[in-house]
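Notes follow once the structure below has been shown.
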Amino acid sequence: MTLRVFRCPFCGYRFRADPEGRYEAGVATILRGRGPERVGAEGPSCVDLTCPNCGKEFEVEVEV
253 MTLRVFRCPF CGYRFRADPE GRYEAGVATI LRGRGPERVG AEGPSCVDLT CPNCGKEFEV
313 EVEV
């Protein structure tokens, strides 16, 4: 588990999260912009994070 600092692109709020852990645990809600052939492939994948301040979702790339 590695916490990384993220900045919300909408409100600028900074918070810590573990996107790799969410990806591994299968809690990732949506993989956007990736076709079915990219799911589970090696390389960067995207996980949606929700800002705790404004509640909007944004994408974060994770290394798998």
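Sequential numbering of the sequence shown, starting at 253, is according to my numbering. All C-beta atoms in this analysis are idealised placements derived from N, C-alpha and C, irrespective of residue type, glycine included. Note that the structure is predicted; figures quoted are calculated from it, not measured.
Whole-angstrom distance between residue j and residue i, CA atom to CA atom
i    : j    : result
N305 : A269 : 13 Å
F258 : K308 : 13 Å
P271 : Y265 : 17 Å
G273 : T254 : 8 Å
Anticipated Cβ contact below 8 Å, residue i with residue j, distance rounded
i    : j    : result
C263 : C303 : 6 Å
V314 : L301 : That pair is no contact at about 10 Å.
Beta-carbon proximity list for residue i, same chain, < 8 Å, skipping 5 on both sides
i    : result
P261 : F310
R256 : R268, A269, D270, P271
Terminal residues of the beta strand (DSSP E) in which residue i lies
i    : result
F310 : 309 to 315
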